[in-house]
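Chemist: Here the UniProt record's numbering is used: the first residue of the sequence shown is 1, the next is one more, and so on.
Cβ atoms here follow ideal geometry from the backbone N, Cα and C, with glycine treated the same way.
Small disclaimer: the values here were computed from a predicted structure and weren't measured.
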Amino acid sequence: MLYPDYGDFEEQSGALIKVVGVGGGGGNAVNHMVANMIKQDIGGTFLGENSFDSEEHGKIIFYAVNTDAQALRKSQVQQTVQIGGATTKGLGAGANPNVGRKAAEDDQEEIRKMLEGADMVFIAAGMGGGTGTGAAPVVAKVAKELGILTVAVVTKPFAFEGKKRMQFAELGIKDLAQYVDSMIIIPNQQIQKVLPKNATLIDAFAAANDVLRNSVMGISDMITSPGMINVDFADVRTVMSEMGQAMIGFGSAKGAPGEGRAEEAARIAVRNDLLEKVDLTNAKGILINITGGFDIAFDEFNVVGDTIHSFASEDATIVVGTTLVPEMSDEIRVTIVATGLGEIAPNETIQLQKTMLNPDPRTYPNESGKPIELRTPNSLGGSLKRPEPISSYPQEGSPKPEEYRSKLEEPITDRLPSFQRFDPSSIDRNDK
């Protein structure tokens with residue numbers, strides 16, 4: 001019996017991953033990743049701090065994209081792209097997402113050149129500011145046009161940064177979600193819940209930046225490191241392509257095989273308190289990678305799978321792989337990537353209570369100058385139709401709060417009909 005001839009199989013090379021930090025927050029995250037890889041002396045070669053290449057982790061190239069020329073000069077990543085030079089003069093976006101978006105649109109060709117050739121792109125950005133919020137969706141759009149698997153890792157502002165910044169962040173996330181395959185969201189407010197009270201400011205931001213580093217290295221290890229059961233790039237694409245909100249978790253436990261280390265590592269991986277609250281039972285795809293030494297037991301492999309499966313939907317696509325590291329004689333590590341966790345859309349309350357820079361017809365100020373919250377179908381227990389994709393953020397030329405408040409601050413007599421007006425000084429107080 002003759003089998004069909006499929007020709008020569010092309011040997012698979014390691015996937016090329018490009019990590020792009022957009023804006024100040026995204027640039028800091030990429031700088032943190034590069035600095036930690038150098039500090040840990042991971043076996044590989046840095047090419048001018050632009051890229052990293054090793055047999056274990058594959059090839060990773062780092063980029064920083066910003067409107068702020070000074071921030072790019074200080075970046076540890078030498079592969080930089082300045083956008084919007086003609087409009088911002090290298091001075092940044094001034095916390096205005098419209099400026100950030102326009103800057104990226106003006107330099108789309110440079111962004112395209114930067115992304116070409118990548119198999120997978122990670123976009124890191126802080127949502128709520130100007131460049132990260134406005135430019136990251138443009139970078140993602142170009143990546144989508146090139147057919148690149150694109151994952152965004154973004155942060156949301158602290159509560160003390162105010163409602164306006166949070167509103168911009170929510171709108172930016174929705175804008176970005178149109179173009180990325182998966183998105184990992186880190187609310188900065190969660191940081192204080194996972195760190196000790198005596199943690200430093202550096203520790204706090206390092207915790208958020210570690211999510212990007214662990215995401216990139218975790219997925220890179222999955223598809224490049226040898227194992228008894230390999231996860232290849234096609235598996236990653238299957239689980240992460242067009243999946244919406246995602247989470248990534250890491251767990252590690254030490255001990256002898258069979259003493260509970262596998263279950264402990266799996267439970268830690270599933271419980272990632274730093275990320276946006278998610279429900280694994282909604283996951284459409286799950287990637288699991290188990291890393292251990294040659295002493296890893298077959299039963300431990302089953303324990304990890306069963307532990308994670310107990311949290312997941314019965315219909316989820318689950319891909320499991322292993323990575324063998326001889327030096328890990330008493331440790332087991334579990335990496336989990338869960339995708340398809342739900343639609344990404346702005347918080348309805350923020351969407352309805354827009355700032356006075358862009359007043360919603362349903363929320364005008366009362367005498368106190370505060371918006372009047374109207375009852376909506378959502379607050380009455382019904383469903384609220386999702387807003388259409390964003391066309392623009394509040395413009396500088398939009399009505400300002402003082403334009404509304406000035407009407408309220410006028411003397412009341414100026415707002416009364418003419419027949420009700422009178423001049424108090426005309427009263428003769430001596431008239432009995």
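Taking contact to mean 3 or more Cβ pairs, one atom from each stretch, closer than 8 Å, check whether the stretch 250-259 and the stretch 219-228 are in contact.
Modeler: Too few Cβ pairs lie closer than 8 Å, so no.
Chemist: Taking only three categories from DSSP, how would you classify E300?
Modeler: Residue state, collapsed to three classes: helix.
Chemist: Could you compute how far the alpha carbon of A103 sits from the alpha carbon of V65?
Modeler: Approximately 11 Å between the Cα atoms of the pair.
Chemist: Let me check one thing: in DSSP terms, what residues is D68 bridge-paired to?
Modeler: DSSP, once it has assigned bridges, lists L91 as partnering D68.
Chemist: Taking only the alpha-carbon atoms, compute the straight-line gap between A283 and G100 and give it to the nearest angstrom.
Modeler: Whole-angstrom Cα-Cα distance: 33 Å.
Chemist: In its own chain, which residues sit with a C-beta less than 8 Å from the C-beta of V138, not counting the 5 before and 5 after it?
Modeler: Within the same chain, V138 has close Cβ partners R101, A104, E105, Q108 and I111.
Chemist: Could you work out which residue in D68, V77, Q78 and Q76 is closest to G84 when comparing CA atoms only?
Modeler: Checked all of D68, V77, Q78 and Q76; the closest Cα to G84 is D68.
Chemist: Leaving out five residues on either side along the sequence, give the residues of the same chain with a beta carbon under 8 Å from the beta carbon of V161.
Modeler: In the sequence as presented, Val is not what sits at residue 161; that position holds Glu. So the list reads G128, once near-sequence residues are dropped.
Chemist: Return the CA-CA distance between F62 and I286, expressed in angstroms with no decimal places.
Modeler: So the alpha carbons of these two residues sit roughly 26 Å apart.
Chemist: Between M33 and the rest of its own chain, which residues show a CB-CB distance below 8 Å, the 5 nearest in sequence each way excluded?
Modeler: Taken in chain order, the residues that qualify are V19, F62, N209, L212, R213 and V216.
Chemist: Is the beta carbon of K156 less than 8 Å from the beta carbon of P196?
Modeler: Result no, Cβ atoms of K156 and P196 do not sit closer than 8 Å.
Chemist: Just how far apart, CA to CA, sit F250 and K164?
Modeler: Going from the Cα of F250 to the Cα of K164 covers about 33 Å.
Chemist: Just curious, the alpha helix (DSSP H) that Q192 is in, first and last residue?
Modeler: Note, Q192: alpha helix (DSSP H), I191 to V194.
Chemist: To the nearest angstrom, how far is it from the Cα of E263 to the Cα of A312?
Modeler: Distance between the alpha carbons of E263 and A312: 15 Å.
Chemist: Going by DSSP in three states, A271 sits in which element: helix, strand or coil?
Modeler: Checking the sequence shown, residue 271 turns out to be Arg, not Ala. The answer is coil: DSSP assigns R271 none of H, G, I, E or B.
Chemist: So, at 7 Å on beta carbons, what are the nonlocal neighbours of K193 in its own chain, with the 5 sequence-adjacent residues on each side left out?
Modeler: Answer for K193: D273, listed in chain order.
Chemist: How close, in whole Å, do the beta carbons of T200 and D181 come, if the pair is a contact with beta carbons under 8 Å?
Modeler: No, T200 and D181 are not in contact; Cβ-Cβ is about 35 Å, not under 8 Å.
Chemist: So, helix, strand or coil for V325, using DSSP?
Modeler: Looking at V325 - three-state DSSP - the assignment turns out to be coil, as it is neither helix nor strand.
Chemist: With a threshold of 16 other CB atoms inside 10 Å of the CB of D315, please say whether the residue is buried or exposed.
Modeler: Exposed: under 16 other Cβ atoms inside 10 Å.
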